[in-house]
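Enquirer: Encoded as structure tokens, here's the structure I'll be asking about.
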Amino acid sequence: MVGRCKATRVPSSSCDLRPLAAIVTACAIAAGCGPGSTIANPKGASSAPSPQISAVVAISHDVFTNASSQHATEVEPAAVAAGSTIVAAFQSGRFFQAGSSDIAFATSHDGGMSWQNGVLPGTTNIVTPGAPFDSISDPSVAYDAAHAVWLIAGLPVVFSGAPAPAVVVSRSSDGFTWNNPVSIAPGQLSTDKDWIACDDSPGSPFYGRCYVEWDNLANNGLIEMSTSVDGGLTWGSPLATANDATGIGGQPVVQPNGTVVVPIDDSFESDVLSFVSTNGGATWSAAVTVSPISDHFEAGNLRSAPLPSAATDAAGTVYLVWQDCRFRNGCAENDIVLSTSSNGLAWSAPARVPIDAQNSSVDHFLPGIRVAPLTAGASANVGLTYYFYPSSACGVSTCQLEAGFISSQNGGATWSNPAFLAGPMRLSWLPQTAGGLMVGDYTATVFASGQPVAIVAVAHAPSGGFNEAMYASKFGAISLLGGHRSAFGERPVPGAHSDHPLRIPPPPESLRVLADPLGGD
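Here the sequence shown is numbered in the working numbering, starting from 78 and rising by one per residue.
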């Protein structure tokens, strides 16, 4: 059985998916800094200008109406681009307890000028009656160039307590028509935070292999990996790291030489770890510590955590970002920090991405990083999408959630001015989850035909239910810019540490226990 996307096309010049009478307009891209420029607004408001024109366009909205989910909600985008084709995936119809009615997708074959969207078949019993799963969560996307196939991985959720696969993977040859999902590691009881990546370097000895990571919460968060050599049709048995490391939120990336690097948080989100495979996934190294994490707990009960986002450049340097407060007095706000590695085992000291001044009150979180293909080293073109509060001193009724983008043309040595994408959003417009109010646990950035595209969930004032959909930056609305914003010479605040106790590992998205999908613990 296969599913086809809806014929709806979404031109980037308009938004016709849903009446958005209360839409909050966004602004044009901020220009790059000139020589000698400094960071504007060092205290208080974000340096992004006030909204003037819309920088984003809706690419999908929640089409479901089942009473067990919150509608209309779409959250947590992941995306991959190959040439001018972009495939994004996200949760649609968010449950309070875990997952969503289905994984939705939006695909563009023209670099983001227009989009088609739909939902995956054969996943939940909401979209396909008789399907084995009650909900599905944590989408991630990969392209396997050797087999010319797009892959979307997700976590199946069963509320009855029955065992289920660790991960399911849907396949498509065009990004529009998807097959029923393939199961990885059937018979699991509790898994979380999957991510998928493929080796797309023709010079690699493992060209065409794809890798999926997840953590096994039924086994204390054990990190597990599975490998496919046939375009995702079949998958190998789960393998752990050499030291049986535990963790959450891994993001495998593949270097041009075929080495797979997997940055991941430990189970308590107190350290960023990394491990590698140099033999095509036959074995995995012991996990090493990239850096301790010092993070600020976001105000307003927003679901947010210092999960890593990773990307590689054309030479194999791995770029790794997460939210961190080590450069802020009292850990009162988060910056996005960047660490790099040539081999996945030795990492640079984290440096602050200078979106705002070090003494500003702006809080930055939920980053998504990508490096433009064919760029590397001192000429690597880096794009970074993120959410932020203009002031971290806020509450549920006063926080203003906004989305932004920043870029570098020299491998992160210096950065452009930030671009404002969308907002402000009231937190009351977001769906409730067991982990807090949700736009997602990450954002997405891709490069299509050399141009950056940012993908974020955007909420508007509800009109019966919710009004949260998936948006992408309009074609040409953001550009890859250089600039002179630099954090050179900055040092962490002595004694900086998280402003909260160790995080308790969250309830798994793939909850295989009797649970109330509308609420409960």
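Glycine is no exception: its CB is placed at the ideal position from the N, C-alpha and C atoms.
For the beta strand (DSSP E) containing Y220, name the first residue and the last one.
Expert: Walking along the sequence shown from the start, residue 220 turns up at place 143. Here the beta strand (DSSP E) through Y220 covers S212 to D221.
Enquirer: In angstroms with no decimal places, state the Cα-to-Cα distance between N494 and S556.
Expert: Translated into the one-based positions of the sequence shown, residue 494 becomes position 417. Translated into the one-based positions of the sequence shown, residue 556 becomes position 479. Going by the C-alpha atoms only, they are around 11 Å apart.
Enquirer: For the candidate residues A363, V523 and S260, whose alpha-carbon lies nearest to that of A423?
Expert: The residue labelled residue 423 in the question sits at position 346 within the sequence shown. It is A363 whose Cα lies nearest to the Cα of A423.
Enquirer: Tell me, please, whether the segment 439-455 touches the segment 351-363 by the rule of three or more beta-carbon pairs shorter than 8 Å.
Expert: The segment 439-455 vs the segment 351-363: no contact.
Enquirer: Within a Cβ cutoff of 6 Å, which residues of the same chain sit near G460, ignoring the five residues on either side of it in sequence?
Expert: Along the sequence shown, one-based indexing puts residue 460 at 383. R447, S484, T522 and P529.
Enquirer: Contact between the segment 556-575 and the segment 159-169: three or more CB pairs below 8 Å?
Expert: These segments do not touch.
Enquirer: Taking C-beta to C-beta, are I261 and W227 nearer than 7 Å?
Expert: Counting from one through the sequence shown, the residue named residue 261 turns up at place 184. Counting from one through the sequence shown, the residue named residue 227 turns up at place 150. Cβ distance not < 7 Å, so I261 and W227 don't count as in contact.
Enquirer: Tell me whether E567 is buried or exposed, calling it buried when 16 or more other Cβ atoms sit within 10 Å of its Cβ.
Expert: Locating residue 567 in the sequence shown gives position 490, counting from the first residue. Exposed, by the Cβ-count rule.
Enquirer: With DSSP collapsed to three states, give me the class of C476.
Expert: As a first step, residue 476 must be located in the sequence shown, where it is residue number 399. In the structure shown, C476 sits in coil (DSSP, three-state: anything other than H, G, I, E or B).
Enquirer: Measure the Cβ-Cβ separation of Y463 and D440 and say whether it is below 7 Å.
Expert: Against the sequence shown, residue 463 aligns to sequence position 386. Against the sequence shown, residue 440 aligns to sequence position 363. Taking 7 Å as the Cβ cut-off, Y463 and D440 do not qualify as a contacting pair.
Enquirer: Assign G252 to one of two classes, buried (16 or more other C-beta atoms within 10 Å of its C-beta) or exposed (fewer than that).
Expert: Residue mapping note: residue 252 aligns to position 175 of the sequence shown, counting from 1. Buried, since its Cβ has 16 or more Cβ neighbours within 10 Å.
Enquirer: Counting pairs of Cβ atoms below 8 Å between the segment 500-507 and the segment 402-410, do you hit three or more?
Expert: Contact between the segment 500-507 and the segment 402-410 is absent, because fewer than three Cβ pairs lie under 8 Å.
Enquirer: In terms of alpha-carbon separation, which member of S314, K270 and Q435 lies closest to G27?
Expert: The structure shown does not extend to residue 27, since the chain is modelled only from 78 to 598, so the question has no answer here.
Enquirer: Quick one, which of V398, F345 and E151 has its alpha-carbon nearest N544's?
Expert: As a first step, residue 544 is located in the sequence shown; it is residue number 467 there, counting from the start. Looking at the Cα atoms, E151 is the closest of the given residues.
Enquirer: Which same chain residues end up closer than 6 Å to P333 when comparing Cβ atoms and leaving out the 5 residues on each side of it in sequence?
Expert: Counting from one through the sequence shown, the residue named residue 333 turns up at place 256. Once the five neighbours on either side are set aside, the close Cβ partners of P333 are S278 and G393.
Enquirer: Expressed to the nearest angstrom, what Euclidean distance is found between the alpha-carbon atoms of A156 and A132?
Expert: In the sequence shown, the residue the question calls residue 156 occupies position 79. In the sequence shown, the residue the question calls residue 132 occupies position 55. Roughly 18 Å between the two C-alpha positions.
Enquirer: Apart from the five residues on each side of it in sequence, which residues of its chain come closer than 8 Å, Cβ to Cβ, to I325?
Expert: Taking the first residue of the sequence shown as position 1, residue 325 is located at position 248. Cβ neighbours of I325 beyond the five flanking positions: D269, K270, D292, G298, I341, D342, D343, S344, E346, L384, P582 and P583.
Enquirer: Pick out whichever of V244, A322, V473 and H224 has its Cα sitting closest to the Cα of S250.
Expert: In the sequence shown, counting from the first residue as 1, residue 250 sits at position 173. When each option's Cα is compared against that of S250, the closest is H224.
Enquirer: Would D139 be called buried (16 or more neighbouring beta carbons within 10 Å of its own) or exposed?
Expert: Here residue 139 corresponds to residue number 62 of the sequence shown, with the count starting at 1. Buried: at least 16 other Cβ atoms inside 10 Å.
Enquirer: Look at the alpha carbon of P578 and the alpha carbon of F374, and state the distance between them as a whole number of angstroms.
Expert: Residue 578 sits at position 501 when you count from the first residue of the sequence shown. Residue 374 sits at position 297 when you count from the first residue of the sequence shown. Cα-Cα distance, rounded: 10 Å.
Enquirer: What first and last residue would you give for the beta strand (DSSP E) that runs through Q528?
Expert: Looking up residue 528 in the sequence shown gives position 451. Looking at the DSSP string, the run of the beta strand (DSSP E) that includes Q528 is Q528 to A536.
Enquirer: What whole-angstrom Cβ distance do A564 and A428 have, given they're in contact under 8 Å?
Expert: Against the sequence shown, residue 564 aligns to sequence position 487. Against the sequence shown, residue 428 aligns to sequence position 351. 5 Å between Cβ atoms; contact.
Enquirer: How big is the Cα-Cα spacing for L514 and N356?
Expert: Along the sequence shown, read from residue 1 onward, the residue named residue 514 stands at position 437. Along the sequence shown, read from residue 1 onward, the residue named residue 356 stands at position 279. Using only the alpha carbons, I get a separation of about 41 Å.
Enquirer: Tell me, please, which residues DSSP counts as bridged to R562.
Expert: Taking the sequence shown and counting its residues from 1, the one referred to as residue 562 is at position 485. DSSP, once it has assigned bridges, lists W492 as partnering R562.
Enquirer: What is the DSSP secondary structure of R580, reduced to helix, strand or coil?
Expert: The residue you call residue 580 lines up with position 503 of the sequence shown. Three-state result, R580: coil.
Enquirer: Can you find the residues in the same chain that come closer than 7 Å, C-beta to C-beta, to F404, ignoring five residues on each side of it along the sequence?
Expert: For the purposes of this step, residue 404 is identified with residue 327 of the sequence shown, where counting begins at 1. These residues qualify, in order along the chain: D412, R429, Q435, E567, P569 and V570.
Enquirer: If the criterion is Cβ atoms closer than 7 Å, does the pair V338 and G421 meet it?
Expert: Within the sequence shown, numbered from 1, the residue matching residue 338 stands at position 261. Within the sequence shown, numbered from 1, the residue matching residue 421 stands at position 344. The answer is yes: Cβ separation under 7 Å.
Enquirer: Provide the residue span of the beta strand (DSSP E) that contains G170, from first to last.
Expert: As a first step, residue 170 must be located in the sequence shown, where it is residue number 93. Note, G170: beta strand (DSSP E), T162 to R171.
Enquirer: Within 10 angstroms of the Cβ of L232, are there 16 or more other Cβ atoms? Answer buried if so, exposed if not.
Expert: Position 155 of the sequence shown holds residue 232. So L232 ends up on the buried side.
Enquirer: Helix, strand or coil for A456 per DSSP?
Expert: Here the question's residue 456 lines up with position 379 in the sequence shown. Here residue 456 turns out to be Ser, not Ala, going by the sequence shown. Reduced to three states, the DSSP call for S456 is helix.
Enquirer: Report the rounded CA-to-CA distance for P206 versus G199, giving the unit in angstroms.
Expert: Numbered from 1 along the sequence shown, position 129 holds the residue referred to as residue 206. Numbered from 1 along the sequence shown, position 122 holds the residue referred to as residue 199. Their backbone Cα atoms lie some 9 Å apart in a straight line.
Enquirer: Taking all protein chains shown into account, decide if T336 is buried (16 or more other Cβ within 10 angstroms of its Cβ) or exposed.
Expert: In the sequence shown, counting from the first residue as 1, residue 336 sits at position 259. Per the 10 Å Cβ criterion, buried.
Enquirer: Assign N143 to one of three DSSP states: helix, strand, or coil.
Expert: As a working note, residue 143 is residue 66 in the sequence shown. In this structure, N143 counts as coil in the three-state DSSP scheme.
Enquirer: Identify, in the order they occur along the chain, each residue of the same chain with its Cβ nearer than 8 Å to the Cβ of N296, setting aside the five sequence neighbours on each side.
Expert: In the sequence shown, residue 296 corresponds to position 219, counting from 1. Closer than 8 Å at Cβ, skipping near neighbours: no residue.
Enquirer: Per DSSP, what are the beta-bridge partners of A549 in this structure?
Expert: What you label residue 549 is simply residue 472 of the sequence shown in a count that begins at 1. According to DSSP, A549 bridges with V134 and I532.
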